[in-house]
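Chains as they are written, first to last, in the numbering used here: chain A, 1 to 151; chain B, 1001 to 1151; chain C, 2001 to 2151. All remarks here apply to the structure that follows.
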Amino acid sequence: MPSGIDSEVFLAFSTYATIVVLKMMLMSPMTGYFRLTRNCFANVEDTGMAKTPEDKKRMLRVDPDVERVRRCHQNDLENITPFVVIGLLYTLTGPDLSTALLHFRVFVGSRLFHTVAYVLPLRQPSRGLAWMVGMGATFSMAYRVLSTTHL
Amino acid sequence: MPSGIDSEVFLAFSTYATIVVLKMMLMSPMTGYFRLTRNCFANVEDTGMAKTPEDKKRMLRVDPDVERVRRCHQNDLENITPFVVIGLLYTLTGPDLSTALLHFRVFVGSRLFHTVAYVLPLRQPSRGLAWMVGMGATFSMAYRVLSTTHL
Amino acid sequence: MPSGIDSEVFLAFSTYATIVVLKMMLMSPMTGYFRLTRNCFANVEDTGMAKTPEDKKRMLRVDPDVERVRRCHQNDLENITPFVVIGLLYTLTGPDLSTALLHFRVFVGSRLFHTVAYVLPLRQPSRGLAWMVGMGATFSMAYRVLSTTHL
Chain A
1 MPSGIDSEVF LAFSTYATIV VLKMMLMSPM TGYFRLTRNC FANVEDTGMA
51 KTPEDKKRML RVDPDVERVR RCHQNDLENI TPFVVIGLLY TLTGPDLSTA
101 LLHFRVFVGS RLFHTVAYVL PLRQPSRGLA WMVGMGATFS MAYRVLSTTH
151 L
Chain B
1001 MPSGIDSEVF LAFSTYATIV VLKMMLMSPM TGYFRLTRNC FANVEDTGMA
1051 KTPEDKKRML RVDPDVERVR RCHQNDLENI TPFVVIGLLY TLTGPDLSTA
1101 LLHFRVFVGS RLFHTVAYVL PLRQPSRGLA WMVGMGATFS MAYRVLSTTH
1151 L
Chain C
2001 MPSGIDSEVF LAFSTYATIV VLKMMLMSPM TGYFRLTRNC FANVEDTGMA
2051 KTPEDKKRML RVDPDVERVR RCHQNDLENI TPFVVIGLLY TLTGPDLSTA
2101 LLHFRVFVGS RLFHTVAYVL PLRQPSRGLA WMVGMGATFS MAYRVLSTTH
2151 L
């Protein structure tokens, strides 16, 4: 069944998986940016810039903008990790290049839009739809994996 | 050492990894279901159904049932991601099919039971034991990977 | 382009990925240890050792030491998952063994140091630098994946 890791589908998967994982990784510096500009931290050792003990205490709080970016990051972990696992197994079932590209592009596009919709934020149902489209692409690949491996 | 991605062990891994990742993904709609029925959201743009500003505020809270499902989802991320990574590397060390199936089935079974034990919830130590059995299966596969690759 | 899963680079990747994923998995028992010694739990069914209802309530709280370990675990999920995905794709681009080993060792070393710096904790910028070095190793591998697959 598997068509090997030299196929064009595998090259495409490598590219799209790397792009969407890099996007996920960029949520970390974005959280850092919001922590610095909102002056809001989670660890006492991160409040070295504080001048007084009261300043230190004020910097150890929960900020709504920071929490929004963190929820977006968490949603990425919950959705991009499954895509990468199921996408790799799907790639090895030897799908058509055009069908595979459609799945990879729809998923990556939906997650880029999801991030924009979450961070700005856009009105619902923008974020909800983006999440659903990404789930749909992953479910469709999972269906092919399960039907090809003769569950 | 590796026995290729055409082996029967790889087909079995594909199937079980996909099943357990799909189970993890289903925690997202389950969280959504609890958010809707408990009327409890994390983002202000998700409270569009509210009629008054007071309603909006009341909908932005932390609900114990929602948090329980979210902790279960987080535990999946912390345990299923390692299983998938170590399971793939284990598959490529060319284990016996029967030994590999034992590992995959024990892990997937323990995680299905873990979810039931967490969400209902069942009395402890149900959830704790399910978690430990899953960890054990992954550790056992990791041991084979490290001993086969001649650390 | 890919040089197969029989290469020495793949064996090295298997070893280092397994080590760093095992390290991540050990954060779970560490959280358990802190929960038990701090007598602080998240679920009501985990407070079976309590003798009175007041004891039960006191055990359901948020403890700063437990939260620190959990943040460290979360940071592992956010950084080690991308390393494993991009590291696997990087391995299949057929890099030099010595260059690949450098990437794997720098990443794994940075994450071991990150955990120490987070849990003790060490003064900043110890933890921040460890995080950045790990991100750098993953970004460098991602660059090779994208340039080899002719984006």
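Glycine is no exception: its CB is placed at the ideal position from the N, C-alpha and C atoms.
Where do the ends of the alpha helix (DSSP H) carrying Val1044 (chain B) lie? First-last for Val1044 (chain B): undefined, no H or E at that position.
Just checking: is the beta-carbon of Leu2089 (chain C) within a distance shorter than 7 Å of some beta-carbon in chain A? yes
What residue from A:Ala12, A:Phe10 and A:Thr31 has the CA that sits closest to Thr115 (chain A)'s CA? A:Thr31
Are any of the Cβ atoms in chain A nearer than 7 Å to that of Ser2003 (chain C)? Its pLDDT being 49, under 50, Ser2003 (chain C) is placed unreliably by the model, and nothing is read from it.
Where Thr2052 (chain C) sits in the DSSP three-state scheme: coil
Three or more C-beta pairs below 8 Å linking the region 2129-2143 of chain C and the region 2050-2067 of chain C: no
Same chain, Cβ closer than 6 Å to Val84 (chain A), five either side skipped, listed in chain order: Ala17
Are three or more beta carbon pairs between the region 2060-2072 of chain C and the region 68-85 of chain A nearer than 8 Å? no
Report buried or exposed for Glu1207 (chain B), applying the criterion of at least 16 other Cβ atoms within 10 angstroms of its Cβ. No answer is possible for residue 1207 (chain B): the residues shown for chain B start at 1001 and end at 1151.
C-alpha distance - His1073 (chain B) paired with Met1027 (chain B), whole-angstrom precision: 6 Å
Should Pro82 (chain A) be labelled buried (16 or more other beta-carbon atoms within 10 Å of its own) or exposed? buried
Note down the Cα distance separating Asn1968 (chain C) from Ala1142 (chain B), rounded to an integer number of angstroms. This structure leaves residue 1968 (chain C) out entirely; chain C is present only between 2001 and 2151.
Assuming Leu77 (chain A) contacts Leu2077 (chain C) under a Cβ cut-off of 8 Å, what Cβ separation, rounded to an integer in Å, is found between them? 6 Å
Which two residues bound the contiguous alpha helix (DSSP H) that contains Gly1109 (chain B)? Leu1097 to Val1119
Counting C-beta neighbours from all protein chains within 10 Å, is the total for Ser92 (chain A) 16 or more, i.e. buried, or is it exposed? Reading the sequence as shown, one finds Leu at residue 92 (chain A) and not Ser. The residue in question, Leu92 (chain A), is buried, as its Cβ has 16 or more Cβ neighbours within 10 Å.
So which residues of chain B does Thr2018 (chain C) contact, with C-beta pairs closer than 7 Å? Ile1086, Leu1089, Ala1142, Val1145 and Leu1146
Where does Gln2124 (chain C) sit, in a helix, a strand or coil, going by DSSP? coil
Which term fits Pro2095 (chain C), buried or exposed, when burial requires 16 or more other beta carbons within 10 angstroms of its beta carbon? buried
With a threshold of 7 Å between beta-carbons, can Pro2095 (chain C) be considered close to chain A, or not? no
If you count every other CB in all the chains shown that lies within 10 Å of the CB of Thr1015 (chain B), and 16 or more means buried, which is it? buried
Apart from the five residues just before and just after Ser1110 (chain B), which ones in its own chain have a Cβ nearer than 6 Å to its Cβ? Ala1130, Val1133 and Gly1134
With a 10 Å radius around its C-beta and 16 neighbouring C-beta atoms as the bar for buried, classify Thr2149 (chain C) as buried or exposed. buried
Neighbourhood of Glu1054 (chain B) by C-beta, 6 Å cutoff - its chain only, sequence neighbours within 5 removed: none
DSSP on Leu2026 (chain C), reduced to helix/strand/coil? coil
Using a 10 Å radius around the Cβ and a threshold of 16 neighbouring Cβ atoms, would you call Arg2144 (chain C) buried or exposed? buried
My output table needs one value for Arg1061 (chain B): the three-state DSSP class, helix, strand or coil. coil
Which chain B residues sit within Cβ distance under 8 Å of Leu77 (chain A)? Leu1077
Per DSSP, what kind of secondary structure is Thr2149 (chain C) in: helix, strand or coil? coil
With 7 Å as the threshold, decide whether the Cβ of Ala2012 (chain C) is near any Cβ in chain A. no
Have a look at B:Phe1113, B:Asp1065 and B:Val1044 and flag the residue whose alpha-carbon is nearest the alpha-carbon of Lys1057 (chain B). B:Val1044
Applying the criterion that 16 or more other CB atoms from any shown protein chain within 10 Å of the CB defines a buried residue, is Leu2041 (chain C) buried or exposed? It should be pointed out that residue 2041 (chain C) corresponds to Phe in this sequence rather than to Leu. Phe2041 (chain C) should be labelled buried.
Spatial neighbours of Met2059 (chain C) within its chain, please: CB distance less than 7 Å, with the 5 preceding and 5 following residues excluded, ordered by chain position. Asn2039, Cys2040, Phe2041, Thr2047 and Ala2050
Which residue from B:Pro1029, B:Met1024, B:Arg1123 and B:Val1119 puts its Cα closest to that of Asp1065 (chain B)? B:Val1119
Taking 6 Å as the cut-off, is the CB of Met59 (chain A) close to at least one heavy atom of the ligand SAH? Of the ligands one can find in the structure shown there are none, so the ligand SAH has no counterpart to examine.
Taking the alpha-carbon of Leu2112 (chain C) as reference, which of C:Ala2012, C:Phe2010 and C:Met2025 has the nearest alpha-carbon? C:Met2025
Exposed or buried, Thr2037 (chain C), counting other C-beta atoms within 10 Å across all chains shown (16 or more means buried)? exposed
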